[in-house]
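As structure tokens, the structure follows; a few thoughts come after it.
Protein chains in written order, with this note's numbering: chain A, 1 to 295; chain B, 1 to 295.
Listed below in structure tokens is the structure:
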């Protein structure tokens, strides 16, 4: 019987811990969320962030730029927040509206002050992670996955971790983090993606399999080794006529058919998602203490 | 019969190409090499860089700080070169002298102006590589390995590449580069290191095996799949009483016993080493054209 890695429960526990810590240190962490466009999923993610922020006494400000925001409006919003000493953390919610110059999204992330980049997406933060420097913000989803596994006493050191998906916000930074010489990391990591051949042959060798590609039920039991740990980062909306909404959330893993094989598995929803939010607030708190120390 | 991947020959060809390009564009690329400490191997590496620079008409200046250089002297040297408009590329030769604050080496690399960081070691350059941004300098050894394979018509796309060694200057950036959506990259990459378990089981699945750990003849034939491509980044000095010098260079791969198995293999010396130097001059040229364009 697989252990269900309950991210929702752990995120709630971490909220209590963080709330106490914030009260004890007397800090007043403030997070600014810049949102452009009108992506439906983003609305849900942002709402969850605001709810969790309130729980832990992080002050969160949502800056809505509207669906027709220009590149310069986004740049100006970030620049203003960089200059605002009362703001400790800044995130720009993805996806941004598609604009002619596709590289502008990179520019937006890279212009966030590295000390306020609590999503850890900027080149400088991810680069520090690569170089093994600890004075960086870890991307929230990788950080959340590591925390979820560690708190459930799952050891990654020396294990073979296979990650499917090389996105800049999950798969890529996770592959770097888990193979670093950090506590409970030190894993042998294989990064798979859309061009990988013989995928099942590779995933079947994984002690831990982490899937982040956004394809509903992509991973079936034939891809999983007996006793493996499975982490499902997928959040796909699929049709479900039995529900009033007409849809339900579903992961990248075919949970019903896979969980029998696993020693541990994350559910969707309630697995990785809440952990991402929890780590964002952890980073924002860290940013606030850092600024306090520096001043 | 394995193809010998002749890096020395290719580096010489690339020198001709680069020399022509520099003459054609009328640029005057200048590289500054900062050297502290008195590492014997560094002396050889730096000499090779100076020789190649001369061949391709890159002007190279060696700044020797001596073995007792302080942290501040190193910082000051880099700062002066950052400010010098005639200098297009700056490298700080590793290893630096061990100083009490171990993180100072990171600071030295990170303080090099990103537009002059032709070794590509700074957090910002490696971070851009992670994020798939192309306006960065690729670390010279990874770039050299990719070029050596590509010029020998070895396809990496979709192949399983296993890298042994996670150093910040070879294994780590190489693992990121080869799994990016770049030309002849797109490989499935596994990064192994000192904590990896069942190493031979993993390396035997590799279509291409790249070794960068600095252990003489570490990889024997039992670790290599028939028909694999093997790239040896090791440069180890081992005793050899038959030579006047009393020593010889030897790679991380047991060449004599492994090469029969391979479809292609790099020799040591004459494989990856010369390619690293060639790519450094390529990057320096790029830096010089960039500065020209910007001004």
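The beta-carbon is built from N, C-alpha and C at its ideal position, and this holds for glycine as well.
CB contact below 8 Å: residue i versus chain B
i                     : result
residue 123 (chain A) : yes
residue 307 (chain A) : Outside the displayed range of chain A (1 to 295) lies residue 307 (chain A), so it cannot be described from this structure.
residue 238 (chain A) : no
residue 133 (chain A) : yes
residue 120 (chain A) : no
residue 10 (chain A)  : no
residue 126 (chain A) : yes
residue 284 (chain A) : no
Cβ of residue i within 8 Å of any chain A Cβ
i                     : result
residue 193 (chain B) : yes
residue 33 (chain B)  : no
residue 145 (chain B) : no
residue 130 (chain B) : yes
residue 208 (chain B) : no
residue 295 (chain B) : Caution applies to residue 295 (chain B), whose pLDDT of 33 falls short of 50 and renders its modelled position unreliable; the value that the coordinates give is listed next. Chain A, which has no Cβ nearer than 8 Å to the Cβ of residue 295 (chain B), makes this no.
residue 292 (chain B) : In this prediction, residue 292 (chain B) scores a pLDDT of 41, lower than 50, which makes its location untrustworthy; the coordinate-derived value is nonetheless stated afterwards. Not closer than 8 Å to any Cβ of chain A, the Cβ of residue 292 (chain B) fails to qualify, so no.
residue 287 (chain B) : no
Interface partners of residue i on chain B, CB under 7 Å
i                     : result
residue 158 (chain A) : 195, 196, 197
Interface residues of chain A facing residue i [CB-CB closer than 9 Å]
i                     : result
residue 202 (chain B) : 160, 188, 190, 205
Exercise for the section: Residues of the segment 91-109 of chain B with a CB closer than 9 Å to any CB of chain A: list them in chain order, please. Expected result: 103, 106, 109
Handout entry: Contact residues within the segment 160-178 of chain A, judged by C-beta distance below 9 Å to chain B
Key = 160, 162, 166, 168, 172, 173, 175, 176
Practice task
Taking a Cβ distance cut-off of 8 Å, strictly less, list which residues of the segment 217-248 of chain A are near chain B, in chain order.
Solution key: Here the close residues number zero.
Handout entry: Cβ contact check for the segment 115-130 of chain B and the segment 165-178 of chain B: 3 or more pairs under 8 Å
Key = yes
Problem - Positions along the segment 21-51 of chain B whose CB lies within less than 9 Å of some CB in chain A - result: none
Practice task
Answer yes if the segment 240-252 of chain B comes into contact with the segment 110-122 of chain B, meaning at least three C-beta pairs across the two stretches below 8 Å, and no otherwise.
Solution key: no
Handout entry: Cβ contact check for the segment 251-267 of chain A and the segment 207-225 of chain A: 3 or more pairs under 8 Å
Key = Yes: the two stretches touch, three or more of their Cβ pairs being nearer than 8 Å.
Handout entry: Stretch pair the segment 221-234 of chain B + the segment 143-154 of chain B: three plus CB contacts closer than 8 Å
Key = yes
Practice task
Pick out the complete beta strand (DSSP E) segments inside the segment 156-223 of chain A, 3 residues or longer, and give them in chain order.
Solution key: 160-164, 188-192, 208-211
Practice task
Within the segment 74-102 of chain A, note down every full beta strand (DSSP E) run reaching 3 residues or more, in order along the chain.
Solution key: 89-92
Practice task
Evaluate the contact criterion for the segment 266-280 of chain B versus the segment 41-60 of chain B: three or more CB pairs, one atom per stretch, below 8 Å.
Solution key: yes
Exercise for the section: Assess, as a yes-or-no matter, whether the segment 74-88 of chain A is touched by the segment 15-34 of chain A under the definition of 3 or more beta carbon pairs within less than 8 Å. Expected result: yes
Exercise for the section: Mind the definition here: the segment 112-127 of chain B touches the segment 162-173 of chain A only if three or more C-beta pairs lie below 8 Å; say whether that holds. Expected result: Using a C-beta cut-off of 8 Å, the segment 112-127 of chain B makes no contact with the segment 162-173 of chain A, since fewer than three inter-stretch Cβ pairs fall below that distance.
Practice task
Decide yes or no for the touch test of the segment 188-205 of chain B against the segment 139-146 of chain B: beta carbon pairs closer than 8 Å, at least 3 of them.
Solution key: no
Handout entry: Contiguous beta strand (DSSP E) assignments of at least 3 residues, all confined to the segment 4-50 of chain B
Key = Runs of the beta strand (DSSP E) inside the segment 4-50 of chain B: 30-36.
Practice task
At 3 residues or longer, and completely inside the segment 217-279 of chain B: list those beta strand (DSSP E) runs for me, N to C.
Solution key: 229-232, 236-239, 247-250
Exercise for the section: Count the C-beta pairs between the segment 36-47 of chain B and the segment 93-104 of chain B that are closer than 8 Å, then say yes if the count reaches three, no if not. Expected result: yes
Exercise for the section: Check whether the segment 5-14 of chain A touches the segment 257-270 of chain A, counting contact only when three or more Cβ pairs, one atom from each stretch, lie closer than 8 Å. Expected result: yes
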